[in-house]
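When we follow the numbering used here, the leftmost residue of the sequence shown carries the number 1221, and every step to the right adds one.
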Amino acid sequence: HKKNKRNSKHAGTIAGIIAFLIGITLIVMATSAYRKKLGCLQKLFHKEKEDGDSATIFDFSIIASATNHFSNRNKIGEGGFGPVYMVKYWFPS
């Protein structure tokens, strides 16, 4: 009886240690994968900024002026985000 209880105790302890180590390993792997993905996203974002692929932000007054204050004459259609206007006399800086 004593030997069975002792073996049972050891088996439980070993199982607990193995479960703990597996849990720690999974946490480390998940953290590593997350950091790798985050690093790739940051590199992509930085590359887009360097390449100039990001959208240019214009002041409202410049857009209003370029579209003749959103005149219907300059309206060329409707898109998913609203009206689309033709721009006149736009000079990139």
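Cβ atoms here follow ideal geometry from the backbone N, Cα and C, with glycine treated the same way.
Identity of the residue in the options nearest residue i by Cα
{"i": "F1329", "options": "N1294, V1307, H1230", "result": "Because the chain is modelled from 1221 through 1313, residue 1329 falls outside the range shown and cannot be assessed."}
{"i": "R1293", "options": "S1285, F1301, Y1305, I1282", "result": "Y1305"}
Residue burial classification, residue i (beta-carbon count within 10 angstroms, cutoff 16)
{"i": "T1287", "result": "buried"}
{"i": "Y1254", "result": "exposed"}
Span of the beta strand (DSSP E) around residue i
{"i": "I1296", "result": "1295 to 1299"}
Per DSSP, cross-strand counterpart(s) of residue i
{"i": "G1302", "result": "G1299"}
Residue range of the unbroken alpha helix (DSSP H) whose run includes residue i
{"i": "I1277", "result": "Unbroken run through I1277: none, as it is neither H nor E."}
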